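Inspection log for the structure reproduced underneath, given as structure tokens.
Protein chains: 2
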Amino acid sequence: MAAVGGAELEVAVKTQAERVRQLKAEKAAQDKITEEVRKLLELKAQLGSNDGKHQFVLKTAKGTRDYNPKQMAIREKAFSAIINCFKRHGAETIDTPVFELKETLTGKYGEDSKLIYDLKDQGGELLSLRYDLTVPFARYLSMNKITNIKRYHIAKVYRRDNPAMTRGRYREFYQCDFDIAGQYDPMIPDAECLKIVHEILSDLKLGDFCIKVNDRRILDGMFEVCGVPDDKFRTICSSVDKLDKLPWEDVKNEMVGEKGLAPESADKIGTYVQLNGGAELIEKLLNDISLCQSKVALEGLNDLKLLFQYLTLFGVGEQVSTFDLSLARGLDYYTGVIYEAVLGPSQGAAPTQQEEHTETSSVGSVAAGGRYDNLVGMFDSKGRKVPCVGVSIGMERIFSILEQQVEGTEQKIRTTETQVLVAAAQKKLLEERMKLVAELWNSGIKAEITYKKNPKLLNQLQYCEETGIPLVAILGEQELKDGVVKLRDVVTREEVDILRVNLAEQIKKRTGQP
Amino acid sequence: MAAVGGAELEVAVKTQAERVRQLKAEKAAQDKITEEVRKLLELKAQLGSNDGKHQFVLKTAKGTRDYNPKQMAIREKAFSAIINCFKRHGAETIDTPVFELKETLTGKYGEDSKLIYDLKDQGGELLSLRYDLTVPFARYLSMNKITNIKRYHIAKVYRRDNPAMTRGRYREFYQCDFDIAGQYDPMIPDAECLKIVHEILSDLKLGDFCIKVNDRRILDGMFEVCGVPDDKFRTICSSVDKLDKLPWEDVKNEMVGEKGLAPESADKIGTYVQLNGGAELIEKLLNDISLCQSKVALEGLNDLKLLFQYLTLFGVGEQVSTFDLSLARGLDYYTGVIYEAVLGPSQGAAPTQQEEHTETSSVGSVAAGGRYDNLVGMFDSKGRKVPCVGVSIGMERIFSILEQQVEGTEQKIRTTETQVLVAAAQKKLLEERMKLVAELWNSGIKAEITYKKNPKLLNQLQYCEETGIPLVAILGEQELKDGVVKLRDVVTREEVDILRVNLAEQIKKRTGQP
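Chains as they are written, first to last, in the UniProt record's numbering: chain P, 1 to 514; chain F, 1 to 514.
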């Protein structure tokens with residue numbers, strides 16, 4: 001909006017009172033219209049209600065899913081591997097609310113901001129669901145004046161994106177974030193983030209993967225030397241980001257056609273973004289006189305060189321990590337090194353651009369992150385910065401793959417950990433079963449009874465077979481008299497009488513509980 | 001709305017087309033007004049912007065909180081105790097999305113529905129944040145046609161209530177739910193839910209507590225015999241529910257003054273709702289000829305009698321569980337037994353009504369639940385029912401208490417599990433530290449390095465003391481030559497040279513890792 005000058009302002013203020021009066025009259029007319037519309041809608045609803053009852057649809061919200069117990073068992077196992085890795089690297093954990101003040105998220109996500117879920121204004125603050133865990137983390141650091149922390153955070157985030165649920169793309173999905181905040185020597189925390197990605201993807205046994213690495217500064221320098229105007233950096237960068245889904249020709253058309261970039265500039269960018277390789281590519285670009293005219297590109301290249309050295313020391317070799325100039329990452333807040341892990345065969349054999357597209361779009365990225373040195377400063381009234389670097393593991397695609405793996409092998413997954421079912425061989429023993437199962441619970445044994453007064457023994461044994469309970473503690477009149485319990489192994493069907501006082505201990509022994 | 005008759009309907013259809021034309025003209029006028037309003041608001045914004053910049057407020061949304069690492073350590077410990085209990089009772093776990101279709105939540109919460117958070121209509125479905133885990137559970141059962149399950153679910157729920165954060169009342173809070181769905185013999189699953197509350201509150205060492213028990217059918221029967229009209233049952237019930245916060249006189253005034261109940265009816269209710277006790281009170285009421293005229297009250301009393309028998313078998317005695325006729329529970333969906341656990345000294349010594357109020361309002365309920373046999377049927381097109389009973393542990397109040405306990409004892413809580421810091425005694429050993437720490441990570445050791453190129457040994461040792469890391473693996477030129485690492489115990493300051501190949505094993509041994 002154009003600025004309003006002093007004289008204009010005075011006129012504006014005078015006319016405002018007049019307009020308020022005018023508005024009141026118009027408001028009355030508007031109210032009348034609103035009332036008419038209401039009547040009409042009411043009538044329509046009345047007419048419609050003769051056609052049949054409103055059909056309630058039984059479903060979860062678009063782009064979301066439930067997890068059943070079997071899926072939860074797989075999920076918990078994956079989380080456990082990831083948390084173990086984060087703890088192995090000495091991380092603490094924090095939690096933040098699922099919604100933030102809308103303002104907190106404003107201006108952090110560039111073109112993706114349109115995907116933010118807003119809450120309805122029900123009076124009070126304007127709120128939005130978190131879009132990632134990074135902005136809430138930065139808000140947390142600034143609010144608590146924390147300048148040093150290594151933390152993980154596992155929680156759901158929300159994006160009103162087009163869901164593709166068969167490929168594990170949801171509107172509600174888990175992110176597992178690991179971030180290091182603090183002023184440190186270059187590339188040491190950055191290398192650890194990539195080491196973590198390497199460990200987690202290896203631990204989860206998802207097959208081959210590749211970690212693409214680039215640096216925002218190299219992209220900015222490249223745009224500079226290719227003649228992209230300053231104010232077009234971000235939008236051209238988001239075009240480059242589409243190279244994992246579109247061929248270069250389409251991306252070039254977008255740059256030139258839609259975004260008005262000079263074709264020569266686009267062609268120059270084209271020669272760069274099709275490059276990928278290892279340490280030798282960094283050396284090559286360090287000798288690229290044109291690119292190295294850019295101070296930021298030179299900084300980025302030197303830092304990447306150091307990063308690759310550190311990765312080698314960490315045992316993350318060039319067969320899994322690739323310098324890829326087409327990697328751009330959409331989010332606005334990155335300032336330095338950026339990376340993204342994709343599943344699929346290693347691209348060490350220099351595939352054609354076309355092949356690479358096919359692979360990437362069929363599996364998609366499972367982890368991504370980078371350095372964001374200015375984000376915390378955006379929340380500080382004095383702009384005090386806290387340099388940060390981090391990585392986010394996207395869980396939903398990983399779950400899809402793990403689920404498929406389980407289905408493929410037909411391995412049976414237990415969804416409970418029950419060690420023993422307390423059963424009765426005769427009728428009228430409900431009270432005795434209740435007493436015994438309470439004794440076992442109080443001894444720390446995982447135990448169940450069936451909720452029938454007089455269940456058949458066969459049904460009780462079947463329940464164990466269905467749910468994988470390994471032991472049955474059987475009570476009968478005789479056992480009660482003798483002060484023993486018959487302990488049955490469900491698989492071998494062996495039965496042995498055990499003194500009731502020793503039962504808990506025996507169950508622990510047989511189920512390997514410490 | 002009154003029904004529209006046949007002839008009226010024809011007229012209505014004919015006039016509708018005419019009204020649509022009329023509406024179009026009015027719509028044009030409306031658009032003009034909207035445009036004028038927009039201009040005026042724009043002008044106002046311009047004038048306002050001259051007064052100074054909008055002040056960004058750095059905070060979490062009202063009624064929500066972050067958890068810092070220390071608070072997370074306490075929280076994780078509490079969750080772990082609760083999950084252990086749920087698993088001990090053979091429960092599976094599921095997860096559902098944080099929001100549901102708005103329709104799914106409609107008509108389930110009675111007067112509390114106004115506290116539901118709605119999402120903004122951004123095109124597409126109308127959504128609301130979940131208000132509890134029970135309605136999503138019922139939706140899940142119906143959607144998947146599940147008739148038998150014992151599951152737990154730990155997740156955050158959302159209520160636009162008045163927050164009282166010092167007492168642990170938030171708008172975003174965790175619930176830990178355990179529910180048993182299925183057609184079983186009476187009171188067996190119900191008794192297990194109460195046993196679980198007893199185990200969890202004991203395990204968490206929160207001090208004395210009391211579980212109040214009642215039955216919706218007894219309340220309904222009581223209203224019936226006290227002469228409450230059928231259509232006033234729910235609203236009078238929600239008055240009774242306020243007895244934990246207000247004295248009887250205020251509640252009576254609400255019933256008579258606001259809700260138009262006959263004073264004699266209110267007085268009769270008054271004699272009942274001030275009763276509480278154990279098995280003997282049940283017997284007394286079973287002999288109350290007036291109350292037992294109600295068939296539902298009689299059913300409720302007989303079931304409660306059975307429940308108290310089962311609770312005795314489970315070792316949940318009358319010193320912790322009390323039949324309390326003033327317990328009403330606000331939610332609409334309960335159909336049978338209801339219960340609520342409150343912290344504070346046992347009320348076995350029959351305190352006066354006044355004392356009870358003071359205690360209850362100062363600590364508040366930490367667990368609550370009951371039987372809801374009709375909720376799943378509300379989602380089924382044929383109304384097929386799945387009887388359910390469950391309990392929900394409210395975590396935020398429990399966290400507040402556990403936090404206070406920790407602060408009181410000044411015990412130091414570790415927020416990481418790091419076993420060893422890889423340190424250097426001399427400069428220029430960053431690369432060697434990186435190699436060694438990677439070796440340890442790959443052996444499953446929780447290890448860290450500091451992110452400085454040349455950190456001082458003193459600073460590295462201080463870091464261990466601050467964060468509670470028990471061991472330091474120190475590298476120096478001599479150690480590298482000899483193929484050893486100096487392992488230092490942070491507390492005793494003892495140092496011993498260990499062959500590098502044996503280091504991981506030695507660290508595991510010294511930190512008790514299996």
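Quick reminder that beta carbons are idealized off the backbone N, C-alpha and C, glycines included.
This structure is a prediction, so every number in the text was calculated from the model and none was measured.
* Select from 207(F), 39(F), 153(F) and 149(F) the residue whose C-alpha is nearest the C-alpha of residue 404(F). => 207(F)
* For the candidate residues 167(F), 489(F), 212(F) and 241(F), whose alpha-carbon lies nearest to that of residue 395(F)? -> 167(F)
* Can you list, in chain order, the residues of its chain whose CB lies under 6 Å from that of residue 227(P), leaving out five sequence neighbours each side? -> 265
* Does any residue of chain F bring its CB to less than 9 Å from the CB of residue 507(P)? -> With respect to chain F, the C-beta atom of residue 507(P) has no partner C-beta closer than 9 Å.
* To do: Specify, as a first and last residue, the run of the beta strand (DSSP E) that residue 324(P) falls within.
  => Taken as a continuous stretch (DSSP letters only), the beta strand (DSSP E) holding residue 324(P) covers 321-324.
* Output the boundary residues of the beta strand (DSSP E) element that contains residue 266(F). => That residue, residue 266(F), is in no beta strand (DSSP E); its alpha helix (DSSP H) goes 263-273.
* Minimum C-alpha distance to residue 260(P) - residue among 235(P), 243(P) and 122(P) -> 235(P)
* Asked: In whole angstroms, what is the alpha-carbon distance linking residue 477(F) and residue 469(P)?
  -> The straight-line gap from Cα to Cα measures roughly 57 Å.
* Just how far apart, CA to CA, sit residue 305(F) and residue 322(F)? -> 12 Å
* To do: Could you check what DSSP says for residue 175(F) in three-state terms: helix, strand or coil?
  => strand
* Asked: Looking at C-beta atoms only, is the number of pairs between the segment 331-340 of chain F and the segment 366-382 of chain F that lie closer than 8 Å three or more?
  -> yes
* Give me the Cα-Cα distance between residue 308(P) and residue 163(P), rounded to the nearest whole angstrom. => 35 Å
* To do: Assign residue 377(P) to one of three DSSP states: helix, strand, or coil.
  => In the three-state reduction of the DSSP assignment, residue 377(P) falls in the helix class.
* To do: Only counting runs of 3 or more residues, tell me where the beta strand (DSSP E) segments fall wholly within the segment 122-198 of chain F, in order along the chain.
  => Whole beta strand (DSSP E) segments, 3+ residues: 127-129, 149-158 and 172-181.
* Partner residues on chain F for residue 290(P), Cβ-Cβ distance less than 9 Å -> By Cβ distance, chain F contributes nothing, its closest Cβ being about 32 Å from residue 290(P), past 9 Å.
* Using a Cβ-Cβ cut-off of 8 Å (strictly less than) and excluding sequence neighbours within five positions of residue 334(P), which residues of its own chain qualify? -> 216, 370, 371 and 372
* Quick one: residues in its chain with C-beta nearer than 6 Å to the C-beta of residue 497(P), no 5 flanking neighbours on either side, listed in chain order? => 484 and 486
* **Contacting positions in the segment 261-289 of chain F - beta carbon closer than 9 Å to chain P** => none
* To do: Could you pull the start and end residues of the beta strand (DSSP E) that residue 392(F) belongs to?
  => Looking at the DSSP string, the run of the beta strand (DSSP E) that includes residue 392(F) is 388-394.
* Would a check of beta-carbon distances place residue 511(F) closer than 9 Å to chain P? -> no
* To do: Count the other CB atoms, across all protein chains shown, that sit within 10 Å of the CB of residue 282(P); report buried if there are 16 or more and exposed otherwise.
  => Classification of residue 282(P): buried, given that the 10 Å Cβ count is 16 or more.
* Asked: Does residue 488(F) get closer than 9 Å to chain P when you measure Cβ to Cβ?
  -> no
* To do: Could you list which residues in chain P have their beta carbon closer than 7 Å to that of residue 453(F), in chain order?
  => 185
* Can you say whether residue 80(P) is buried or exposed, counting buried as having 16 or more other CB atoms within 10 angstroms of its CB? => Flag for residue 80(P) reads exposed.
* **Inter-stretch contact at 8 Å, needing at least 3 Cβ pairs: the segment 190-204 of chain F / the segment 384-393 of chain F** => Between the segment 190-204 of chain F and the segment 384-393 of chain F, the count of Cβ pairs shorter than 8 Å is three or higher; the stretches touch.
* On the three-state DSSP scale, how would you describe residue 371(P)? -> strand
* residue 119(P) versus residue 96(P) - alpha carbon distance -> 17 Å
* Cross-chain neighbours of residue 98(P) in chain F, by beta carbon under 9 Å -> 64, 98, 129, 156, 158 and 172
* Asked: When the distance is taken between beta carbons, is residue 90(F) closer than 9 Å to residue 446(P)?
  -> yes
* Determine, using beta carbons only, whether residue 67(F) comes closer than 9 Å to chain P. => yes
* **Span of the beta strand (DSSP E), counted from its first residue to its last, around residue 242(F)** => Taken as a continuous stretch (DSSP letters only), residue 242(F) belongs to no beta strand (DSSP E), as it is neither H nor E.
* Asked: What do you get for residue 514(F), buried or exposed, if any count of 16 or more other CB atoms within 10 angstroms of its CB means buried?
  -> Burial call: exposed.
* Asked: For residue 78(F), is the classification buried or exposed, using 16 other Cβ atoms within 10 angstroms of its Cβ as the cut-off for buried?
  -> buried
* To do: Assign residue 493(P) to one of two classes, buried (16 or more other C-beta atoms within 10 Å of its C-beta) or exposed (fewer than that).
  => By the 16-neighbour rule on beta-carbons within 10 angstroms, residue 493(P) is exposed.
* Asked: How about residue 348(F): is its C-beta nearer than 9 Å to some C-beta of chain P?
  -> Because residue 348(F) sits at a pLDDT of 44, beneath the cut-off of 50, its placement in the model cannot be relied upon, and the following sentence gives the value as read from the coordinates. Chain P, which has no Cβ nearer than 9 Å to the Cβ of residue 348(F), makes this no.
* Return yes when the Cβ of residue 104(P) is within less than 9 Å of the Cβ of residue 172(P), no when it is not. => no
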